[in-house]
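Under my numbering, think of the first position of the sequence shown as 24, with each following residue one higher. Glycine included, C-beta positions come from ideal geometry on N, C-alpha and C. Here the structure comes first, spelled out in structure tokens, and everything after it is commentary.
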Amino acid sequence: IWGTGSIKTKMTLDKDQLDKLDYFVAALKKRGIYVNVNLHVSRSLDERDGFPPDVNRPSHDKGIDNYYRPFIEANKKYARDLLMHVNPYTSIAYKDDPCVAMIEINNENSIVQMWGGWGGLDVIQDPFLADLRKEWNAWLKNKYKNDDAVRKAWKSRSVPLGKELLTNGDFPNGYVPNWQGWSWETDSKTVAPISNQNGILKMDVKKKGEVDWHPQLIGSGFKVKKDSIYTIELKVKADKNTTISFGVRMNHAPWEGLGLDTQFKISPEWKTFKLTYLPAEDDDNARVGIAGFTEGTVYEIDFVSLKEGGNIGIPADASLTAGNIPVIWKKDAGQNPKEAVDDFCDFLLDIEARYWDEMYKFLKEEIKVKQCVSGTQLEYGGPHAQARMDYCDIHAYWNHPSFPGRAWDGNNWYLRNRALVNYADRQILSSMATKRVAGKPFTLSEYNHPYPNQYAGEGLPLLAAFGAFQGWDGIFPFAYSHSSNFEPQLANSFFDTVGNTVQMAHMIACHNFFVHGYNKDADAQQVVAPLSEKKVQEIFREVRHPWNFGFNGLGLDPRLALLKPVAIDTTAKAAMPKVEAMPKDQKVFETKTPLGYYRYNLEKPNGGFAAMFDGQTALFTGFVEEDKKYPLGNGSISFGKTNLGWATVTLTDISAAKNKSRLLLVLTGEMLNTDMEIEALGEDKITVGNRWGKPPVRCEGIPAVITWKNNVPLAWKCWSLDQSGERKKAIPFEMSGNECILKLSPTYKTIWYEITSE
């Protein structure tokens with residue numbers, strides 16, 4: 024919307040771009056299509072508009088614009104410019120147009136998330152850091168009034184340094200790890216020779232291992248005591264600017280952290296880092312670990328030291344009076360008293376809640392928008408601030424692509440080729456459902472199984488059926504297209520559904536599942552758990568990230584969402600639900616509905632399936648054995664040999680006349696572009712790099728036999744369909760007693776079929 028080419032500002036809407044938006048929204052409105060407007064997604068402001076340069080900041084200024092006043096005012100200006108603008112094609116301002124159904128203030132943006140979840144806020148410098156420190160000191164002054172009260176609350180103290188706890192931490196000349204106190208942990212893929220030159224440990228990391236923490240330098244053989252003060256020193260350099268991670272954790276199973284996980288920025292110049300550390304618990308066999316090495320980099324370490332003793336609490340040169348008590352980054356939490364970190368967690372929840380309240384009031388009272396307004400996504404910050412909005416929203420992706428090198432590098436990426444049906448009791452479904460706020464409309468405005476996940480066909484049907492059962496209010500696949508080619512003949516994007524046959528073909532069934540199968544009694548059936556603001560503080564203080572603000576943080580089993588509609592009560596008026604404990608090894612989750620059933624069967628490792636039916640639409644998705652019968656609506660389906668040993672099937676009623684049945688049957692499996700080759704990277708990681716192949720998309724034909732009762736004699740007919748949904752070839756039914764039998768094979772060269780009866 025800012026224009027292209029020689030544009031010099033991101034504070035003024037480009038008239039040509041705005042005209043395109045106006046025309047587009049008017050065209051949508053003419054066709055009865057509603058619009059969701061986001062007021063901040065990816066804009067970053069810089070010196071062209073009088074702001075600091077866009078360096079040392081999180082992408083899109085996430086977190087910063089929750090408190091930095093110039094950014095807040097800039098986002099308000101954008102809201103005024105857009106929402107009060109009268110669309111010349113509709114003669115109505117966006118703020119008054121019912122076509123604009125929903126407004127979101129700030130997409131995937133919370134200072135709580137940027138501190139404790141994704142991270143990245145700790146790179147900020149002045150003026151952003153100065154403003155955050157100012158807010159922090161004002162918060163402390165309001166709570167404690169004076170320095171003595173802060174020092175007492177934080178248990179500030181000083182302890183003389185004790186003896187060295189690490190053996191050979193100075194790496195004497197000729198010493199190489201793997202004996203006497205240190206080890207150089209690698210795996211079969213690691214190429215990282217290590218040597219000692221004149222008492223300097225040298226590590227040439229040519230290639231990293233199968234897991235991100237290989238190689239890793241480990242120093243062990245010492246004890247730590249909870250809340251005792253330790254001082255750590257490290258002298259290190261590299262042949263380029265980079266980072267390393269440093270942590271203290273158990274030197275035994277389950278290898279958990281002991282309160283210190285941080286990063287150091289290093290350069291070709293020697294740097295000595297010194298920090299204090301408070302262990303989270305006692306441990307008689309602890310270790311320090313240095314990892315996070317970058318491929319193609321040579322590292323040198325002069326010494327590593329760990330001694331009991333040091334100073335903890337408010338630095339000697341800091342005070343409330345001076346307003347310079349430093350902010351506390353999550354990576355440095357182990358260097359501060361727990362009481363100080365707890366205060367900073369409370370401060371973050373308060374500052375983001377203030378932001379959301381201010382922006383909501385601004386939209387409703389100053390601009391006077393008539394639309395439903397949300398803040399940002401649940402899981403990004405405190406749920407109570409979002410509960411004060413008109414509706415709540417969430418995002419999720421099943422195995423989002425990862426980029427081990429540069430972010431969004433199209434040549435260097437991978438994703439995990441997993442089927443959600445194998446993890447239905449652990450991930451995504453229950454996680455989202457158990458964060459829903461009771462009494463508030465709930466939408467999922469971004470969801471996808473990113474391609475080339477070969478099980479992507481399951482994603483949207485599973486979500487549509489599950490969302491209908493839970494009584495959710497909206498599901499938005501992300502996205503239709505990232506380009507202006509709206510009819511591509513191949514799939515060449517992680518997220519686009521256009522061109523992705525195994526997703527698009529099930530869309531009609533998804534609509535029917537979600538709309539016609541909507542559980543109107545979901546609110547009455549809900550298992551609701553109370554989540555007070557105090558409890559949110561306790562959870563955030565404990566885990567220091569926002570992902571447990573739901574059943575997990577309350578100690579409730581999130582798997583309950585597979586059996587019941589669920590939600591949290593942010594008013595905390597609801598009593599803690601009394602639910603029967605499920606066995607930890609429970610593998611079958613089934614619930615009946617007035618119209619049908621929902622069933623998740625995870626009895627076989629890597630062989631799960633889900634079968635769902637709402638009376639009008641049926642779904643089966645999962646791993647299959649040849650010739651074994653699986654439930655499909657009121658009937659069954661069996662399969663021949665499939666490429667993945669897996670399939671997704673939907674059967675949905677698309678009848679227009681009462682006296683005639685008309686069904687759409689879709690069967691999908693593997694989908695690849697022509698000449699596309701998936702590269703296996705080990706475990707379940709796959710990639711195609713930038714080798715997406717060429718048109719056309721090639722889809723597996725699924726061999727199957729479908730059987731159902733025909734208690735009322737009807738004349739059933741079936742046709743294979745072409746890519747436009749037009750009939751191609753008639754397929755005969757077989758009758759056996761009162762059963763109808765439909766046999767399908769890859770010879771029909773299609774993934775969908777029309778079935779009719781009169």
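Residue i to residue j, Cα distance in whole Å?
i	j	result
R791	D380	With the chain covering only 24 through 781, there is no way to say anything about residue 791.
A303	A363	14 Å
T697	V672	24 Å
K543	A552	20 Å
T644	V109	47 Å
A680	A488	25 Å
V234	E781	59 Å
P581	R441	21 Å
Q394	A124	6 Å
A153	P424	35 Å
M605	V611	11 Å
R66	C763	58 Å
V228	T320	6 Å
T209	S218	15 Å
F517	H418	16 Å
N713	A528	26 Å
Q548	N535	22 Å
S243	N359	23 Å
Q526	H472	9 Å
Q639	H539	7 Å
E561	W731	54 Å
D340	Y300	19 Å
F646	A727	14 Å
L62	N130	8 Å
L513	K31	36 Å
What are the partner residues of residue i, as DSSP defines its beta bridges?
i	result
S506	Answer is none; S506 lacks a bridge partner.
Q286	S268
E649	F662
M635	Y621, L642
A116	V109
F612	Y623
F326	K258
K4	The first residue shown for the chain is 24 and the last is 781, placing residue 4 beyond what the model contains.
Relative to the C-alpha of residue i, which candidate in the options has its C-alpha closest?
i	options	result
G490	A456, V146, A738, A215	A456
I591	E556, K708, E318	E556
T665	K607, R721, I725, G619	I725
A261	A528, H529, I324, V521	I324
G428	K231, K717, N629	K231
I701	T32, R439, Y623, N89	R439
W278	N308, T285, L298	N308
W715	K607, P617, E723, M699	M699
Can you have a look at residue i and say buried or exposed, based on whether 16 or more other CB atoms are within 10 angstroms of its CB?
i	result
R80	buried
A461	buried
M694	buried
Y91	buried
V559	buried
E127	buried
P195	exposed
A50	exposed
I451	buried
F426	exposed
N434	exposed
Y621	buried
H275	exposed
V689	buried
D305	exposed
Is residue i near the ligand GDP, judged by its Cβ being under 7 Å from some heavy atom?
i	result
N191	What this structure holds is no ligand at all, so the ligand GDP is not there to describe.
> Do the segment 262-276 and the segment 297-315 meet, that is, are 3 or more Cβ pairs less than 8 Å apart?
Replying inline: Taking a cut-off of 8 Å on C-beta distances, the segment 262-276 touches the segment 297-315, as three or more cross pairs fall below it.
>> If contact is defined by three or more beta carbon pairs under 8 Å, each pair taking one atom from either stretch, is the segment 321-339 in contact with the segment 246-256?
In response: Contact holds: three or more Cβ-Cβ distances are below 8 Å.
> Is it a yes or a no for the segment 216-227 touching the segment 163-174, going by three-plus beta-carbon pairs under 8 Å?
Replying inline: Contact between the segment 216-227 and the segment 163-174 is absent, because fewer than three Cβ pairs lie under 8 Å.
> Touch check for the segment 278-294 and the segment 364-373: three-plus C-beta pairs under 8 Å?
Replying inline: By the criterion of at least three beta-carbon pairs nearer than 8 Å, the segment 278-294 is not in contact with the segment 364-373.
>> With three or more beta-carbon pairs closer than 8 Å as the criterion, would you say the segment 336-344 touches the segment 175-194?
In response: Enough Cβ pairs lie closer than 8 Å, so yes.
> Quick check: the segment 146-165 against the segment 435-450, are there 3 or more CB pairs under 8 Å?
Replying inline: No, the segment 146-165 does not touch the segment 435-450.
> Any contact of the segment 517-537 with the segment 647-664, i.e. 3+ C-beta pairs under 8 Å?
Replying inline: With the rule of 3 Cβ pairs closer than 8 Å, the segment 517-537 does not count as touching the segment 647-664.
> Below 8 Å, can you find three or more Cβ-Cβ pairs linking the segment 136-147 to the segment 566-575?
Replying inline: Judged by pairs of C-beta atoms under 8 Å, the segment 136-147 touches the segment 566-575, as three or more such pairs exist.
>> Counting beta carbon pairs with one atom in the segment 389-403 and one in the segment 350-361, are three or more of them shorter than 8 Å?
In response: No, because fewer than three Cβ pairs between the segment 350-361 and the segment 389-403 fall closer than 8 Å, the two stretches do not touch.
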